[in-house]
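Note that the working numbering gives residue 347 to position 347 of the sequence shown, counting from 1, and the numbers run on in steps of one.
Ideal placement from N, C-alpha and C gives every residue a C-beta, glycine not left out.
Right, one structure below, let's go through it.
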Amino acid sequence: MLATATIEKNAYDVALENFDLAADALGLEDGLRAMIKYPERVLQVSIPVRLDSGKIVRFEGYRVQHNTTRGPAKGGIRFHPNVTADEVKALATWMTWKCAVVNIPFGGGKGGVTCNPKALSLGELERMTRRYASAILPLIGPEKDIPAPDVYTTPQVMAWIMDTYSMNKGYPVHGVVTGKPVSLGGSLGRNEATGRGVFYTTQSSAEHLKIPVKDARVVVQGFGNAGSIAANLFHQAGARVIAASDTRGAIWNAKGLDVPAAMAFKDRTGSLAGFPGAEKITPAELLALECEILVPAALESTITADNAASIHTRIIAEAANGPVTPEADRILDQKGVFLIPDILCNAGGVTVSYFEWVQDENHLFWDEQDVNRQLEKVMTRAFADTLKIYLERKATMRLAANMLGVSRVAEAARVRGLYP
Ligand code: NAD
1 MLATATIEKN AYDVALENFD LAADALGLED GLRAMIKYPE RVLQVSIPVR
51 LDSGKIVRFE GYRVQHNTTR GPAKGGIRFH PNVTADEVKA LATWMTWKCA
101 VVNIPFGGGK GGVTCNPKAL SLGELERMTR RYASAILPLI GPEKDIPAPD
151 VYTTPQVMAW IMDTYSMNKG YPVHGVVTGK PVSLGGSLGR NEATGRGVFY
201 TTQSSAEHLK IPVKDARVVV QGFGNAGSIA ANLFHQAGAR VIAASDTRGA
251 IWNAKGLDVP AAMAFKDRTG SLAGFPGAEK ITPAELLALE CEILVPAALE
301 STITADNAAS IHTRIIAEAA NGPVTPEADR ILDQKGVFLI PDILCNAGGV
351 TVSYFEWVQD ENHLFWDEQD VNRQLEKVMT RAFADTLKIY LERKATMRLA
401 ANMLGVSRVA EAARVRGLYP
């Protein structure tokens, strides 16, 4: 199996290649490319942690600031066994273009710890988080670099980071992280924001393609924060979510899953596996289902040259970061699949993170309706800006979004000039 699988590039190589394609299409001069292509800062930290047993173990952690031309670095923190320096650099690079695509005044950053948080007790997780936060403390702050949740990090993890930072400063600093619990200066609507943005951009795509969302068949790979919330919004809009998956398996019901019941089941049992009212299928079968909307909402590189040909959908909504590899992109493009690229599709999370930061800095909080209304406005405008380039330049949607993001950062770099 491994011997026949296509060898694909790592995520950071993909990020650099996508930058080059956008810069070429924009005709960007070499000097500006040199100024904005690579990470400004890469910090690698060692995180020793005392386990409940008394034993001390060590984890590796990272914080990367890719670009701060348009504002403070912004990007999540991932706790996962597969975290590497290159993965964090790729995710930080995508954050730069993503913040520019939705036109919020932030640059791109990302953090991660190579660990399996599911194998840690709550106390061990707290000690690891606080030690990691202390180690990256010189880089972060509300005016320079603002972390947020990503895979396997939660509002509770953000609260520990906010507390660690504040104790070191000697006063409370709410704006140092977003995605906090609402009781600690978090924003209403932040938890749902990524899934909501996925829904809005898919709705705009369906309108453009003249596909009714009502009764559309939706398949969701990865039923976590981004995937399950998006699934529920499609369900509420009258679409049929016919299949969903998580790390433990995939489920299918041609008539449509009862999404709220599936969410409650996963909350209760930790997985979708065994959900009543659905049949078990394999992850490969899930991707090959005929549908109108496919939402990859798990991790990078789940759709590759090995499985792209078997996909039968009209729209792919990239809720995850980097789920489709460049080789798969080419295959899907030839099949006429309309792809909503990650830096547009999942930008709802960082957009409401920006709203949270604005609320924290102003000590004035908005109600959820205002948050959702502003989010819809930002996502709809970003979609329209990307679609305009897609249509005018006959580009792919990924190239169009990268061109939009890169051009906005390049323009800001041009007017700031090169220091010294
Ligand atoms: P999460 O931890 O809440 O959920 C991830 C889900 O994916 C889990 O249900 C897990 O079981 C499942 N999963 C993992 N590997 C899988 C596989 N191979 N097949 C099927 N399911 C698998 O994480 P999340 O916050 O929802 O993030 C998911 C993706 O969305 C990531 O790529 C993340 O970077 C991206 N994203 C999240 C946000 C956000 O605000 N949460 C914002 C932007 C982008």
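For residue i, the first and last residue of its enclosing beta strand (DSSP E)
i	result
isoleucine 251	249 to 252
glycine 141	From DSSP, glycine 141 is part of no beta strand (DSSP E); its letter is neither H nor E.
lysine 280	279 to 281
glycine 111	107 to 114
proline 48	41 to 50
valine 220	217 to 221
Separation of residue j from residue i, as counted between CA atoms
i	j	result
alanine 230	tyrosine 419	43 Å
proline 117	glutamate 126	10 Å
valine 220	leucine 51	36 Å
threonine 68	alanine 262	40 Å
isoleucine 340	isoleucine 56	44 Å
alanine 5	arginine 41	Below a pLDDT of 50, predicted positions are generally treated as unreliable, and alanine 5, at 47, falls in that range; no measurement from the model is reported.
leucine 404	glutamate 376	19 Å
methionine 167	alanine 11	36 Å
leucine 344	threonine 201	8 Å
methionine 1	aspartate 306	Reliability of the predicted coordinates at methionine 1 is poor, the pLDDT of 32 falling under 50, and no value is obtained from them.
alanine 23	leucine 91	19 Å
alanine 3	threonine 304	Low per-residue confidence applies at alanine 3: pLDDT is 35, beneath 50, and the placement is therefore not dependable enough to give any value.
glycine 27	aspartate 329	23 Å
leucine 287	lysine 37	33 Å
glycine 175	lysine 169	13 Å
serine 353	threonine 153	15 Å
proline 105	valine 409	10 Å
alanine 216	aspartate 13	35 Å
leucine 137	tyrosine 165	7 Å
glutamine 334	histidine 208	19 Å
Coil, strand or helix - residue i by DSSP
i	result
arginine 58	strand
glutamate 290	strand
threonine 304	coil
valine 83	coil
aspartate 370	helix
asparagine 67	strand
isoleucine 311	coil
lysine 74	strand
valine 198	helix
isoleucine 104	coil
proline 326	helix
isoleucine 211	coil
valine 295	strand
alanine 317	strand
alanine 273	coil
alanine 395	coil
Residue i beta carbon near the ligand NAD (any heavy atom closer than 7 Å)
i	result
aspartate 215	no
leucine 299	yes
alanine 226	yes
alanine 152	Before going on, a small fix: residue 152 reads as tyrosine here, not alanine. Yes, since a heavy atom of the ligand NAD falls inside the 7 Å radius drawn around the Cβ of tyrosine 152.
glutamine 221	yes
aspartate 246	yes
glycine 349	yes
proline 283	yes
proline 105	no
arginine 243	The sequence given here has alanine at residue 243, not arginine. No; taking the cut-off as 7 Å, the Cβ of alanine 243 has no heavy atom of the ligand NAD nearer than that.
threonine 302	yes
alanine 231	no
asparagine 321	yes
asparagine 372	no
asparagine 18	no
Residue i and residue j closer than 8 Å at C-beta
i	j	result
alanine 401	alanine 319	no
glycine 109	valine 64	yes
valine 88	alanine 382	no
valine 406	tryptophan 94	no
isoleucine 315	glutamate 292	yes
valine 173	methionine 158	no
lysine 266	leucine 257	no
aspartate 506	isoleucine 77	Nothing about residue 506 can be read from this structure; the chain reaches only from 1 to 420.
threonine 380	serine 204	yes
alanine 284	tryptophan 252	no
N- and C-terminal bounds of the alpha helix (DSSP H) containing residue i
i	result
arginine 33	30 to 36
serine 245	No alpha helix (DSSP H) holds serine 245; the beta strand (DSSP E) holding it covers 240 to 246.
leucine 339	From DSSP, leucine 339 is part of no alpha helix (DSSP H) but of the beta strand (DSSP E) over 338 to 340.
isoleucine 229	225 to 236
arginine 268	259 to 269
tyrosine 419	Per DSSP, tyrosine 419 belongs to no alpha helix (DSSP H) and is neither H nor E.
tyrosine 354	348 to 362
proline 155	155 to 169
threonine 129	122 to 136
tyrosine 152	Taken as a continuous stretch (DSSP letters only), tyrosine 152 belongs to no alpha helix (DSSP H), as it is neither H nor E.
asparagine 18	11 to 26
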